[in-house]
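Chains as they are written, first to last, in our numbering: chain Z, 3 to 491; chain V, 3 to 491.
2 protein chains.
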Amino acid sequence: MATNDSREKNSPNRSITASKQKDFSEWYVQVLLKSDFIDYTAVSGCIAFRPSAYFVWEKVRDYVDAKFKEDGIENVYFPTLIPEHLLQKEKEHVEGFTPEVAWVTQTGDTKLEERLAVRPTSEAIMYENLSKWIRSWRDLPMRLNQWNNVLRWEFKHPTPFLRTREFLWNEGHSAFASKEEAEAELPRIMGIYEDALKDTFAIFGIQGRKTQKEKFAGAAASFSFEHLMPDGKAIQGPDFHHDEQRFSKAFEISFTGRDERADYIYQNTYAISSREIGVMVATHSDDKGLVLPPNVAKVQIVIVPIYNDKTREEVVKHAADLEKRLASSARILLDSRDEYSPGWKFNEWELKGVPLRIEIGAREIAERSVTVCTRYNSTKEKVQEESLINGIRERLESIQKEMYNNSKRSILSKVRKVLTYEELKLAVEEGFFAQAPWCGDEGCEDRIKDETGAKATNMPLDSQQDAERKSCVLCSRPAHHIVNFARSH
Amino acid sequence: MATNDSREKNSPNRSITASKQKDFSEWYVQVLLKSDFIDYTAVSGCIAFRPSAYFVWEKVRDYVDAKFKEDGIENVYFPTLIPEHLLQKEKEHVEGFTPEVAWVTQTGDTKLEERLAVRPTSEAIMYENLSKWIRSWRDLPMRLNQWNNVLRWEFKHPTPFLRTREFLWNEGHSAFASKEEAEAELPRIMGIYEDALKDTFAIFGIQGRKTQKEKFAGAAASFSFEHLMPDGKAIQGPDFHHDEQRFSKAFEISFTGRDERADYIYQNTYAISSREIGVMVATHSDDKGLVLPPNVAKVQIVIVPIYNDKTREEVVKHAADLEKRLASSARILLDSRDEYSPGWKFNEWELKGVPLRIEIGAREIAERSVTVCTRYNSTKEKVQEESLINGIRERLESIQKEMYNNSKRSILSKVRKVLTYEELKLAVEEGFFAQAPWCGDEGCEDRIKDETGAKATNMPLDSQQDAERKSCVLCSRPAHHIVNFARSH
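In structure tokens, the structure reads:
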């Protein structure tokens, strides 16, 4: 049966040759490509999501979307192109995005009179319409959301998911009649994202407020989840921004209040993006390949029947039976291809990150048992078939939970409280979040970044009381904030 | 309570002032805008889908996507930008699309060395990767799909949904080892689209094969659903294309067969787009505003309590109770706003197309009844409350079915069989599909189009046997096909 292609698939170039510990960047890309999760494309910095990767994104989108809808948020769709004059309405916003904008300047053979930006984010195109849609307190709150694709033409070295020129995301845009109502949305949205990180990607992030220097272009205040990658560099997760009245003044979005007085609306924006897929892959995968959390795995369980010519019929029939019995509880695949050996299949499905593998042969059938191999912790155990079937949902749920707990433990173990600049430097050097008191002066923040390469990732919400009576890690003036400094992607 | 804005909302400019019969174009746009279904944007030819419109699209996407998944189709995501040299690989394809392409020529301040097309469709960017992914018969069939947005910069007068420069769609791309397998996919996909048209939009389309002149740019054969709009012009619905080996030869997508021989793959593509939302609106709506089929209506039922100061508490409480009892079976809204009168609310929800309105007042409560108004046929009936609740799903289902049947009856009544050129001209003039025998010569097709303005919409699958022993409607040579000619959007 060996043809050219099957020999190629069995060749060593299918297995991961780089080590997660020693060469994270090379390992990461090998895992993504060799597991058929993604591919590079003809456009530099833009990837193709193959079925297993897009499935993850669909699960995340559906999860978050259901929670958004429960919370009263409505989905809309706005054009992908934004006329240049609109992008220029909010000063910080345009400065933040213009260097990365992909410009449409021509359609067919016709040169456009005004350039059109392929959306890097949609404030500018949406808020022009909001100013028509919102007239009165009766129209508020108006909480809109889009699931779409955006382009940001970064010129740094692109990395699949983590820094791509096109990515998928949600962009939430809420309008309120008062600052208080706008502020009350923060914990609701951050709560939804926290749950999504846990129940889909099985990853933990440190919640905190961004410094003014690191906030979103145009926002008044930004909040984020921050993750730590295996190479000791931080990466930002989902975020939330209070825009206050910055955009509503720039775009003239005013309303008549119950008191008949006119005021500008208060706005928030928030996003979770396909970047998280990369964080998930980097967090859970290993030197054998991809490791997917059960809740987002396209195939949750693969059954590999083990047989010889004599036992083939009985074993495959039994395996098909087992597949049927599990199919209502899990996304399951029976790999009964004769042209590949069981060993080849073990490697293949490990490489592709399937959470559970069930091995079944004549001996197992006789014992009414199966062998169950768990991908994320490489354990192997013999289980009675009935007990496997009855407990399959709980087994998958507990894998999801354990993977999340591992992520949480791992990140929290990498937060080191420091009080001196020497301690900060050492922590950063060793790939930790250096959690340090800070005076609030951007001069100190800048100097720390220049000298150590570490930026202020965020100011953890639950640690701010620690700033009391402490001194800035750099200048020794009284501290007003606790900041997690780290090198970052 | 009257403020500026509520006066404005009560003003006549909220109601439809054009007639569907007399001025379809003006009526159509008024219905879309005044019902808050869509809005124009700062980009000419691109619309904003407001929540009620985007909800329709989500329902369609979810419906079709579930059927695709059942059938084994997998979702992927490819970049939105396509390098120019890839677009040029298939000759007919590039000729068909280049005049409409929006070109990215610049990113940030940097002029690109090669122009990038914002995808008008994704063959060119996908097939470059397919040629790497497909090596062997084991990799086939590979049936991939994307849900995304595409840009086609048409220069004709844009019309919301029906002719927009950006639209949402699915693009299915399947690869097979043989022509027979590729052909077997046609009825499966057309069946899914047929069901979707019925169960979501409640619209009927005539299935048929496109002529060579009217087929998709690059395809070997195209199939479509054709609708008829209230103005007597046809418009194309979902379509399906056999590409045979045209693209696989251009993009070098070959595989090793079971017999160890190399061959090019056989491909199909297929799509349903947000254009159908416009067809749905045009088909069902009336001079009072939008009419939405229950299955895609964001709000399926609105309850309007009717009360005075004395009865308010009792009536609103009872209405809230009814809302709760219906909430598990339908998407329901209780409009108990004091600042608007019942009459204002009736107009408002009629304008917005809510399928059912329930009116409830003190008298109805005493009788344990409610008044039910059905939007699509403007009927009003008194129903016992318990029977309403028990039968609510069936009631909504039967509305969906009746709306579909109306659409089907209406389109079929507009198909007129013609045998002479005079009959064809008259039928076209009167806004019919002129169903005519045709010799198959593109010269005749061209002359009919030039002289009557009618193009070959498609060749209905179930009428081809009628061509036997008939003569071409134009040249009188033996007919080989039956074609539905019509003027079109």
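Beta carbons are placed, not taken as given, at the ideal position from N, Cα and C, and that holds for glycine.
As the structure is a prediction and not an experimental result, all values here were calculated from the model.
Asked                                                                                                                       : Found
Within-8 Å CB hit, Gln-209(Z) to chain V                                                                                    : no
Min CB distance Phe-51(V) to chain Z below 8 Å                                                                              : yes
Of the residues Met-461(Z), Ala-236(Z), Ser-256(Z), the one placed nearest Ser-412(Z), counting alpha carbons only          : Ala-236(Z)
Nearest neighbour of Gln-467(Z), chosen from Ala-456(Z), Thr-202(Z), Ala-438(Z), Ser-176(Z) [CA to CA]                      : Ala-438(Z)
Pairwise C-alpha distance: Ile-267(V) and Glu-175(V)                                                                        : The sequence shown places His at residue 175(V), rather than the Glu named in the question. Rounded to whole angstroms, His-175(V) to Ile-267(V) spans 12 Å at the Cα level.
Residues, ordered as in the chain, of the segment 98–111 of chain Z that lie near chain V by beta-carbon distance below 8 Å : Thr-100, Pro-101, Glu-102, Val-103, Ala-104, Trp-105, Val-106, Thr-107, Gln-108, Thr-109, Gly-110, Asp-111
Whole-Å CB distance - Asp-201(Z) paired with Phe-225(Z), under 8 Å assumed                                                  : Contact flag wrong, Cβ pair sits at about 20 Å.
Contact list for Ile-127(V) against chain Z, beta-carbon separation under 7 Å                                               : Thr-43, Ala-44
Reference Val-372(V), options Gly-363(V), Ser-380(V), Ser-138(V), closest by Cα                                             : Gly-363(V)
Where Glu-156(Z) sits in the DSSP three-state scheme                                                                        : coil
Pro-357(V) versus Asn-297(V): straight-line alpha-carbon distance, rounded                                                  : 10 Å
Segments of 3+ residues assigned as beta strand (DSSP E) that fall wholly inside the segment 301–381 of chain V             : 303–308, 334–336, 358–363, 371–376
Boundaries (first-last residue) of the beta strand (DSSP E) holding Leu-292(Z)                                              : From DSSP, Leu-292(Z) is part of no beta strand (DSSP E); its letter is neither H nor E.
Whole runs of the beta strand (DSSP E) within the segment 124–199 of chain Z, excluding any shorter than 3 residues         : 144–153, 168–178
Nearest residue (CA-CA) to Asn-349(V), options Val-293(V), Tyr-42(V), Glu-183(V), Arg-154(V)                                : Val-293(V)
CB contact flag (Gly-280(V), Leu-414(V), <8 Å)                                                                              : no
Enclosing alpha helix (DSSP H) for Phe-57(V) [first to last residue]                                                        : 53–72
Expected contact under 8 Å - CB spacing of Trp-171(Z) and Ala-273(Z) to nearest Å                                           : 5 Å
Buried/exposed call for Val-485(Z), threshold 16 Cβ in 10 Å                                                                 : buried
Separation of Lys-181(V) from Ala-221(V), as counted between CA atoms                                                       : 14 Å
Assigned secondary structure, Pro-14(V) (DSSP; H/G/I helix, E/B strand, else coil)                                          : Reliability fails at Pro-14(V), whose pLDDT of 45 lies under 50, so the model's placement of it is uncertain and the value that follows must be treated cautiously. Reduced to three states, the DSSP call for Pro-14(V) is helix.
Inter-residue spacing [alpha-carbon to alpha-carbon] between Gly-291(V) and Ile-208(V)                                      : 26 Å
Residues that Asn-77(Z) contacts on chain V, provided the C-beta gap is smaller than 8 Å                                    : Pro-53, Tyr-56, Phe-57, Glu-60
Per-residue contacts from Glu-168(V) into chain Z (C-beta, under 8 Å)                                                       : Pro-81, Thr-82, Leu-83
Residue burial classification, Asp-41(V) (beta-carbon count within 10 angstroms, cutoff 16)                                 : buried
Through-space distance from Ile-308(V) to Glu-388(V), alpha-carbon basis                                                    : 19 Å
Residues bridged to Ile-49(V) [DSSP beta-bridge criterion]                                                                  : Tyr-42(V)
The segment 251–259 of chain V / the segment 27–36 of chain V touching (three or more Cβ pairs under 8 Å)                   : no
Cβ neighbours of Lys-215(V) in the same chain (closer than 6 Å, five flanking residues each side left out)                  : Glu-444, Glu-447
Per-residue DSSP class, three states only, for Met-405(Z)                                                                   : helix
Distance between Thr-271(V) and Pro-189(V) (C-alpha atoms, nearest Å)                                                       : 13 Å
According to DSSP, residues forming a beta bridge with Asn-460(Z)                                                           : Asn-486(Z)
Asn-297(V) at chain Z interface by Cβ criterion, 8 Å                                                                        : no
Span separating the alpha-carbon of His-286(V) from that of Glu-102(Z)                                                      : 44 Å
Continuous beta strand (DSSP E) assignments of at least 3 residues falling wholly in the segment 215–248 of chain V         : 223–230, 236–246
Neighbourhood of Glu-492(V) by C-beta, 8 Å cutoff - its chain only, sequence neighbours within 5 removed                    : Examination of residue 492(V) is not possible in this model, given that chain V is present from 3 through 491 alone.
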